[in-house]
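Trainee:
Chains as they are written, first to last, in this note's numbering: chain Z, -4 to 390; chain P, -4 to 390; chain H, -4 to 390; chain F, -4 to 390.
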């Protein structure tokens, strides 16, 4: 594959996600053959000084203070949306209508109607060869990509059970400050949309199946938190005096639900920011008739695989170090046993997106795929609001 | 503590549980100081030859072919019930009314009314100093006993979340034969009552809290199974031809539910016999405001402890090898690092029971405690039968 | 297999090892079919009161205060030696000459000449059908027995490397008191003979190969320790004031050595009582041309197995839970996933010994096998005393 | 810290190490504040076409086919040496004499005399403010940097034992092809210099102590290998027919040794390319009087820490996820629980080197530090060639 030109990127937002995306845009073509070479053309942020500083640090050539201007520019081919969820629909639809490809962070939106509108815009744009993709980046962790491959190969047989957890603990401290992530207006929901969305997507991705219904319970353990937190950050350790003003937490701290998938398995899901000691434990286990596979992001370079066809007496969960040239994405990096990190998923996301754009094929997860996740999120909220009564996922 | 006489035991049933109980009755006074020395006086089983063989093998002095005869004997102080759940109520009530102490395997009964009748009988008997206890043996695993101690000491602070799984896989093979454990009449329920009962009890035991409500989903993955299995066994690997006659599975293969506890935490529970590769993974994790603790019976001599008060940068889950003299029960056994096994829980159960009888105090778990578990089991079944709608636990 | 009579046992010593052996003599016939049923006939100890108390607690029918009297008794078939190493030769040779079978704790003796005399006595006795065996009990841990089976089956191919550690930490506290285990006269050596002997035996057992030479380094980190320790115990946590009298440590705290085996592999060995945090980490790893196997006694119910013939991309160390009916000894115990403990090795030792006596075959490890270990210990000491210069193992 | 100008880099070699170094040069200033901003000015390689391709891929502005030309260029401030060990001395000395800073891959040289000459050149250059550093990159893995910090803080107390292993398996396949890494002329030694050097450096780095003597054993398991391997690669899985010509392996496949450190501890070291299943297990454990710490690069984002001052009954190895803002280097990357990868060590190496250059301080490890490692390597070879007799490390 040889490159036929640049892909000029404009990015909106430059906090945690912006740093990760910037690294990926800079790095992908250094390790992978891409049909188009990404260029970090412009970064948009409301605060001109801060945006300029970020652009210099992260390697962006120019700055805009209004994302609308970014979309108007002729020298931008793709809009990369790294803002909170309440702005996704507006930016993405405008970009797609302007003929720009879009990469949009997850969750796709803060509501199903927004996600539907975005999906409709993506489908219209696709007719003109304009692509849209949602950033469920964990799919690009080599171990999770291998997980999916193995299931698609039939290595676990008929799937019976799915066990998914996303355990974090950054709100366990009652004095951790209030940020936009605890504000329903900005974030849509709390643990559910932020990290629950990831395990919903991951479980549907690896199984190749859709969740058809749920029964859910949601809980907010700490109702008010001190103001003054870093509004863009992930919280942090609280150091708060008694007289600090506080504000209400309007989202869930934890969301748990049972589920059914369209191919037969049942599932158990848990997303929480209160699992003290679990920093970023995105865990997924699938039990099938022939084998089982388990993953934990806190040990992200490994996959646990139980091959039920092994001889009795020799069976056991096998710790595959997912750093072999045979594994997805890995041959472009280091020798076996030399682990990858969190940001590699973003680099692989760029690789897959640019490859799809180059070949004119729809990248995945599409907006329609992400809308599917959004509908599960909505069903979870509906069930939790109705005595946990079973709620079918609309579709 | 010095012994003041014998405790003459009559045991009903002599399969898997009978072997474990017999070992405990033989062994407890060899390693612990007991107020009464257990004697293996008589074993009851319907098949005289098989019972005789079992009695000789396991060290019982005599045999009866009718459990009623056991209760009539003057030289029996305690009846140990190791039969399937459908016979528990009848035997236990008769024994208590005859003034015999009772140790009854779990689940206490196959229904709430039976368990209520048993509890009433136990309470009447207690007035005369006759004791009754239910065999939730896992409580006596040193790691789980330590788990409870640490929570009682306040080492995890306010409990927010409970995560409980009991994962087995012995039915994952579709040809594993039908046994009484898959027959609703005999067993009451499937994974739910057999192993779900253990995690309900364990979670209530370690937290010191009661489950107040549940939302549940139950599933039977394999509807019919070949006849001809060992009727007392745990199944096994199927080797079945095409023409083997089959029978219906009338219980659940897996039961999952969300829950609330009376002290505030939410819980997620999963009991299954289909988690391929998980042989006996009784897992329990509690997250509190100050610390977290996690246990897995497949690594039964360890406890994972996260101390949230450790200095930042030095925090992490600590693998406590629960083999120190400071740990519950352990000082009576071997030096540090020399692990214990499954049957030690039964020996500790005898120790606690005999110690309670000797001191005239009520042993735990009492029949009332076990009735509490039974009511949770009933609520799970009720919710699963009603679209997972939230079901309060009656009590 | 049906039993044809009793095997009347006389045991010398009743401390830690005595308790473990007694449990095994009591328990073996309850779970295994034995050709002879062990009887706990007599226990010998110099202190009559203490011996009587121990005998009652552990289930021995009578007591002698002189081991010579035990050997004279006609109603004793087997002498079980659980004393410190300096008395092994004297007792074992007398017992064998009196026509008693002998089970002798490890290390066989405190010197090669003693071990040679014992081996000669054992060989003379064998001609009359009198058996002698040395108590390298760890061989009977199911995971280590499986380890040997797998190598014998060719599952690791040509062995290239052996990695053996026995890490303890009970002397890491400088105030841990002096006991006989730190006295060269009583114990022969320190970490080397006590726990180094176990990994030498285990490595030769699983590989089926003999160590031919070594280069060693030995170290005593703490030269003097407070007197007053429990003379039969394993030490413990020191609570010692400044004026407590102290005595010299005359043995090694740690012994490390490199080695060659007669089939080609090289080895690295480490025995220490100063590996803080490692309570009883008997670890063994073998790397071959086709596979690797690793074991750690702190996780004694598992074996780690790497099958190098697995498909690339699916390779990894597999955690075999050694609790399956296919595994050595296990089918006599509990269902899969229900772990065994430290003392089961002693029960299996009785099973193997009694089975060998019943069939008239030589049990292993024989005194000759144990003499082989003793020669390696001597070579280690010789090399350590000679600038680590390579020392061939005499044979 | 603000940048005061560029640091113009010329790199020699562009294989595995070249790719890792290039990524680091490109990335360091994106995440860290550096006093000088690295520029990828020129890459040198003998094959003009291949070097050009590599330079384009890796982001280097120009190409030279002779490293001497690189040194002559005025627009180069620093020479980065990524070639096999036989060329290090020549290039480094020339560069230093030309007033260029030098970063040289490890091991520093193929012999002690070469390393001495390089160190002398570095010391002469230092007088003029020209800096030289050796690339023992693993020091910059956050977990190993934390390891050192904790020991320096006194958290393990007096060090008694060091246990170091570097286990790989890429030569376990007898058909893995011959490369320069198995050629004594090019590589100096085999496992010893390639990976043994890393654990020697890491053990001296974290303990702050020097190895004073060793007793060693070295082994070549496979004497000849098929020609035709990728001459710059790490080998790979062999697919070789019977008639493929072969060549001799002139280096060690495995090197094991015992050691003493100048502060008292003893050590055990093992470097091997034949530990089947261990892909890149750089392992280091230190046991002290107050605590123990253990690391394994196959789980590179964690550190195992045993705090011996914890209350009895609560002690255990703690799995610190080294992804907290308090940990070395980490605050510049992602939130807690989002792991880093192999290449981050190289980025941190650039950060430390550029920071030292900017402040005019000597970076570590200096050439003198690396000469110390070289002397240990020489002592290992001398002992192995002399019946493992103890060999003091000259110095």
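Ideal Cβ positions, reconstructed from N, Cα and C, are used throughout, including at glycine.
(1) Note down, one range per segment and in chain order, each beta strand (DSSP E) of at least 3 residues found wholly within the region 144 to 218 of chain P.
(2) Along the beta strand (DSSP E) that carries residue 316 of chain F, what are the first and last residues, could you check?
(3) Measure the Cβ-Cβ separation of residue 353 of chain Z and residue 31 of chain Z and say whether it is below 8 Å.
(4) Using alpha carbons as the reference points, say which of Z:367, Z:107, Z:159 and Z:335 lies closest to residue 288 of chain Z.
(5) Please list the residues of the region 246 to 259 of chain P that have a C-beta atom closer than 9 Å to any C-beta atom in chain Z, keeping them in chain order.
(6) Does the contact criterion of 3 or more C-beta pairs under 8 Å hold for the region 90 to 100 of chain F versus the region 112 to 131 of chain F?
(7) Mind pulling the chain P residues with CB within less than 8 Å of residue 214 of chain Z?
(8) Please name the residue, chosen from P:2, P:208 and P:222, that lies closest to residue 20 of chain P on a Cα-to-Cα basis.
(9) To the nearest angstrom, how far is the alpha carbon of residue 368 of chain P from that of residue 175 of chain Z?
(10) Please say whether residue 262 of chain P and residue 269 of chain P have beta carbons closer to each other than 8 Å?
(11) Going along chain Z, which residues have a C-beta under 7 Å from residue 319 of chain H?
(12) From residue 252 of chain F to residue 156 of chain H, what does the alpha carbon distance come to, in whole angstroms?
(13) Please give the ranges of any alpha helix (DSSP H) in the region -2 to 34 of chain P, keeping only runs that are unbroken, at least 4 residues long and fully inside the region.
(14) Note down, in chain order, all residues in the region 280 to 299 of chain P with a beta-carbon under 9 Å from any beta-carbon belonging to chain H.
(15) Please compile the residues from chain P whose C-beta is within a distance smaller than 7 Å of the C-beta of residue 156 of chain Z.
(16) Less than 6 Å between C-beta atoms, sequence neighbours within five positions excluded: which residues of the same chain meet that for residue 346 of chain F?
(17) Helix, strand or coil, according to DSSP, for residue 104 of chain P in the structure here?
(18) Listing by chain order, which chain H residues have their CB less than 9 Å from the CB of residue 384 of chain F?
(19) Just verifying my parser: in three-state terms, what is the DSSP assignment at residue 63 of chain H?
(20) If you follow the beta strand (DSSP E) that residue 255 of chain H is in, where does it begin and where does it stop?
(21) Which residues share a DSSP beta bridge with residue 282 of chain F?
(22) What are the start and end residues of the beta strand (DSSP E) that includes residue 297 of chain P?
(23) Determine the chain Z residues that contact residue 146 of chain H at a beta-carbon separation under 9 Å, and present them in chain order.
(24) Any idea which residues DSSP pairs residue 276 of chain P with across the strands?
(25) Quick check on the burial criterion: 16 or more other C-beta atoms within 10 angstroms. Buried or exposed for residue 44 of chain F?
(26) Chain H beta carbons: is any one of them nearer than 8 Å to that of residue 12 of chain F?
(27) Using a 10 Å radius around the Cβ and a threshold of 16 neighbouring Cβ atoms, would you call residue 105 of chain P buried or exposed?
(28) Please list, in chain order, all residues of the same chain as residue -1 of chain F whose beta carbon is under 8 Å from its beta carbon, the five residues on each side excluded.
(29) Against chain P, does residue 388 of chain Z count as a neighbour if the rule is that its beta carbon must be under 8 Å from one of theirs?
(30) For the region 323 to 337 of chain Z, list every residue whose C-beta sits within 9 Å of some C-beta in chain F, in sequence order.
(31) Do the CB positions of residue 303 of chain P and residue 316 of chain F come within less than 8 Å of each other?
(32) At which residues does the beta strand (DSSP E) containing residue 92 of chain Z begin and terminate?
(33) Put residue 356 of chain Z into one of helix, strand or coil per three-state DSSP.
(34) What does residue 265 of chain Z pair with, by DSSP beta-bridge criteria?
(35) At a Cβ threshold of 8 Å, is residue 311 of chain Z touching chain H?
(36) How about residue 311 of chain Z: is its Cβ closer than 7 Å to a heavy atom in the ligand ADP?
Mentor: To lay it out plainly:
(1) 154 to 162 and 206 to 214
(2) 312 to 316
(3) yes
(4) If we check each option's Cα against that of residue 288 of chain Z, Z:159 comes out closest.
(5) 248, 249, 251, 252, 253, 254, 255 and 259
(6) yes
(7) Simply 261.
(8) Ranked by Cα distance from residue 20 of chain P, the first of P:2, P:208 and P:222 is P:2.
(9) When rounded, the distance between both Cα atoms is 42 Å.
(10) no
(11) Neighbours of residue 319 of chain H in chain Z, taken as residues whose beta carbon is under 7 Å from its own, are 307 and 308 in chain order.
(12) 14 Å
(13) 11 to 26
(14) 292, 293, 294, 295, 296 and 297
(15) 249, 267, 269 and 270
(16) 23 and 27
(17) DSSP, read as helix, strand or coil, puts residue 104 of chain P in coil.
(18) 210, 381, 382, 383, 384 and 385
(19) helix
(20) 249 to 256
(21) F:156 and F:287
(22) 297 to 302
(23) By Cβ distance, chain Z contributes nothing, its closest Cβ being about 13 Å from residue 146 of chain H, past 9 Å.
(24) P:162
(25) Looking at its Cβ environment, which holds fewer than 16 other Cβ atoms inside 10 Å, residue 44 of chain F is exposed.
(26) no
(27) Residue 105 of chain P comes out buried.
(28) 30, 31 and 353
(29) no
(30) 328, 329, 330, 331, 332, 333, 334, 335, 336 and 337
(31) no
(32) Run containing residue 92 of chain Z: none in the beta strand (DSSP E); it sits in the alpha helix (DSSP H), 83 to 92.
(33) Coil, per DSSP.
(34) Z:160 and Z:251
(35) Closer than 8 Å: yes.
(36) You won't find the ligand ADP in this model; it holds no ligand whatsoever.
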